[in-house]
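**Student:**
2 protein chains.
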Amino acid sequence: MTPRPRPDRRALLDELTSRGVRITAQRRALIAVIQDANRHLDAASLLQLARGRVPGTNRATVYRTIELLKRFGLIDELDLMHLDGEKHYYEASARRDHFHLACFGCGRIEEFTSPAFEQVKADISSQAGFEIRVIRLEAGGLCSMCAGSAETSRRRETPKKD
Amino acid sequence: MTPRPRPDRRALLDELTSRGVRITAQRRALIAVIQDANRHLDAASLLQLARGRVPGTNRATVYRTIELLKRFGLIDELDLMHLDGEKHYYEASARRDHFHLACFGCGRIEEFTSPAFEQVKADISSQAGFEIRVIRLEAGGLCSMCAGSAETSRRRETPKKD
DNA sequence: CTGATTGCAAAGAATTTGCACTGCT
DNA sequence: AGCAGTGCAAATTCTTTGCAATCAG
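Taken in sequence, the protein lines are chains A and B. If you read the first sequence in this note's numbering, its first letter stands for residue 1, the second for the next number, and so on. If you read the second sequence in this note's numbering, its first letter stands for residue 163, the second for the next number, and so on.
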């Protein structure tokens, strides 16, 4: 597993144009939103934020762009243990390898890395001869804070809107 | 992480009754179906197979039973890289720890174990202080057969534009 | 120019819910 | 008996699609 450097926004756009993909205002907005995000965004949030930059952007365009970026390996899709419905979350993919710990107590998502994870990937390649294209590791449970206090079972709620 | 022995059907039922859960014909059928399964089943297959044992079993009951078994940690939910839609797949959870490799070429699901995976879990506990309740590792890519032959790996080449 | 991309509206897939009835324990 | 569990149908949530209009290269 060769760790790729994290590409900046330009690199992402360049990557697309160099592959002959047309850059529209909507796609530019969505890429910007994803790269500027400090949290994991679902399709609805992506839509809302993209509309802040390009009003009138449509839901379908968001899904089509997600599909596009996934195909080019530029974003990763997460489930985050379905802590809040069955939607998916997205993040720019070329970051340092990490995975997510979703707390059932407070709803917080923690990022985590472990050298052993690299070893797992190496094992998959060498032992199973499996050529990994995407890999996803997620855990659900109680974060250190919630595990400490026995009675922290209030789920965090998220406002819903289209 | 102590590897648990694989419980037989009786143990699963006993586990439920001992926890005060009522055993209905539908639940019995669903548990039997899950334990006898030699493949990963989605809700629709579960429904169909359960109806073979208890005709008239309803879709809602399947989902409610899945929810129940998940809550009791008796089954695990898988996505299998969404190789075929967004549905979920289920398997009895108390088997030897393993994870799944989903081949984009032939669609086959391979099971895999690695001691390094145990190490990852240990790291999560000791370093993050995170109390794991469920953990899911899935990889998508090309299995050894599909990676070998350039033919089979139709999805390996540069993704097409949208 | 011209085919790729978009918006729109409607459809689709997977799952959930309210309610009256049924059947475990 | 009493309440957890079920069936039914409709509702919800998330995502996809067909088609005509639009726009990037």
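Cβ coordinates follow ideal geometry from the N, Cα and C atoms, glycine included. The model shown is predicted, which means the values in this text are computed figures rather than measured ones.
1. Give a yes or no on whether the C-beta atoms belonging to Q188/B and V216/B are separated by under 8 angstroms.
2. Could you name each continuous alpha helix (DSSP H) segment of 4 residues or more that falls completely within the region 164-219 of chain B, going from the start of the chain to the end?
3. Should T57/A be labelled buried (16 or more other beta-carbon atoms within 10 Å of its own) or exposed?
4. List, in order along the chain, the chain A residues whose C-beta lies closer than 7 angstroms to that of R305/B?
5. Using DSSP's beta-bridge definition, name the partner residues of V224/B.
6. Taking Cβ-Cβ distances below 7 angstroms as the criterion, which residues of the region 260-281 of chain B are in contact with chain A?
7. From A122/A, L69/A, Q127/A and S144/A, pick the residue whose C-alpha is nearest to that of S288/B; which is it?
8. Decide yes or no for the touch test of the region 105-117 of chain A against the region 276-291 of chain B: beta carbon pairs closer than 8 angstroms, at least 3 of them.
9. With 16 as the cutoff for other CB atoms within 10 Å, does D238/B come out buried or exposed?
10. Taking DSSP's pairing of strands, which residues face V296/B in a bridge?
11. Have a look at L209/B and R221/B and give me their C-alpha separation to the nearest angstrom.
12. Could you give the distance in angstroms between the alpha-carbon of I185/B and the alpha-carbon of L175/B?
13. Ends of the alpha helix (DSSP H) at F279/B?
14. Quick check: the Cα distance between A264/B and S114/A, rounded to an integer number of angstroms?
15. For C265/B, which of helix, strand or coil comes out of DSSP?
16. Could you tell me whether any Cβ in chain B is nearer than 8 angstroms to the Cβ of D76/A?
17. If you measure between the beta carbons of H100/A and L83/A, is that distance less than 8 angstroms?
18. Nearest to A191/B by CA position, among G247/B, T227/B, A278/B and Q281/B, is which residue?
19. By a C-beta neighbour count over all protein chains shown, 10 Å radius and 16 as the cutoff for buried, is S311/B buried or exposed?
20. Is A139/A close to chain B? Criterion is C-beta to C-beta, closer than 8 angstroms.
21. Considering only DSSP beta bridges, list what E111/A is partnered with.
22. Roughly how many angstroms lie between the CA atoms of I294/B and H260/B, to the nearest whole one?
23. Verify whether the separation of the beta carbon atoms of G303/B and F279/B is less than 8 angstroms.
24. Counting only beta-carbon atoms, is D79/A nearer than 8 angstroms to chain B?
25. Span of the beta strand (DSSP E) holding D76/A?
**Tutor:** Let's see:
1. Position 26 of the second sequence, counted from the start, is the residue given in the question as residue 188/B. Position 54 of the second sequence, counted from the start, is the residue given in the question as residue 216/B. In this structure, V216/B lies closer than 8 angstroms to Q188/B by Cβ.
2. Counting only runs of 4 or more, we get 171-180, 187-198 and 205-215.
3. The residue given as residue 57/A occupies position 57 in the first sequence. T57/A comes out buried.
4. Start at 1 with the first residue of the second sequence, and residue 305/B comes out as number 143. One point to set straight first is that residue 305/B is Cys, not Arg, in the sequence displayed. Near C305/B (Cβ distances below 7 angstroms), the residues of chain A are F130.
5. Taking the first residue of the second sequence as 1, we reach residue 224/B at position 62. According to DSSP, which records beta bridges pairwise, V224/B is partnered with nothing at all.
6. L263, F266, E272, F274, S276, A278, F279 and Q281
7. Taking the first residue of the second sequence as 1, we reach residue 288/B at position 126. Looking at the Cα atoms, S144/A is the closest of the given residues.
8. yes
9. In the second sequence, the residue the question calls residue 238/B occupies position 76. Of the residues assessed, D238/B falls on the buried side of the cut-off, its CB having 16 or more other CB atoms within 10 angstroms.
10. Position 134 of the second sequence, counted from the start, is the residue given in the question as residue 296/B. Beta-bridge pairing links V296/B to G140/A.
11. Here residue 209/B corresponds to residue number 47 of the second sequence, with the count starting at 1. Here residue 221/B corresponds to residue number 59 of the second sequence, with the count starting at 1. The straight-line gap from Cα to Cα measures roughly 6 angstroms.
12. Looking up residue 185/B in the second sequence gives position 23. Looking up residue 175/B in the second sequence gives position 13. C-alpha separation (whole angstroms): 8 angstroms.
13. Position 117 of the second sequence, counting from 1, holds the residue named residue 279/B. Residues P277 to A290.
14. Start at 1 with the first residue of the second sequence, and residue 264/B comes out as number 102. Start at 1 with the first residue of the first sequence, and residue 114/A comes out as number 114. Each residue's alpha carbon lies about 23 angstroms from the other.
15. Along the second sequence, one-based indexing puts residue 265/B at 103. In this structure, C265/B counts as strand in the three-state DSSP scheme.
16. Residue mapping note: residue 76/A aligns to position 76 of the first sequence, counting from 1. Cβ-Cβ to chain B under 8 angstroms: no for D76/A.
17. For the purposes of this step, residue 100/A is taken as residue 100 along the first sequence, with counting starting at 1. For the purposes of this step, residue 83/A is taken as residue 83 along the first sequence, with counting starting at 1. Result no, Cβ atoms of H100/A and L83/A do not sit closer than 8 angstroms.
18. For this step, residue 191/B is matched to residue 29 along the second sequence. Comparing Cα positions, the closest option is T227/B.
19. Against the second sequence, residue 311/B aligns to sequence position 149. That one is exposed.
20. In the first sequence, the residue the question calls residue 139/A occupies position 139. Yes, its Cβ sits closer than 8 angstroms to a Cβ of chain B.
21. In the first sequence, the residue the question calls residue 111/A occupies position 111. DSSP, once it has assigned bridges, lists H100/A as partnering E111/A.
22. As a first step, residue 294/B must be located in the second sequence, where it is residue number 132. As a first step, residue 260/B must be located in the second sequence, where it is residue number 98. Between I294/B and H260/B, the C-alpha separation is close to 15 angstroms.
23. Here residue 303/B corresponds to residue number 141 of the second sequence, with the count starting at 1. Here residue 279/B corresponds to residue number 117 of the second sequence, with the count starting at 1. No. Outside cutoff.
24. Translated into the one-based positions of the first sequence, residue 79/A becomes position 79. So yes, D79/A belongs to the interface.
25. Taking the first sequence and counting its residues from 1, the one referred to as residue 76/A is at position 76. Run containing D76/A: I75 to L78, per the beta strand (DSSP E) assignment.
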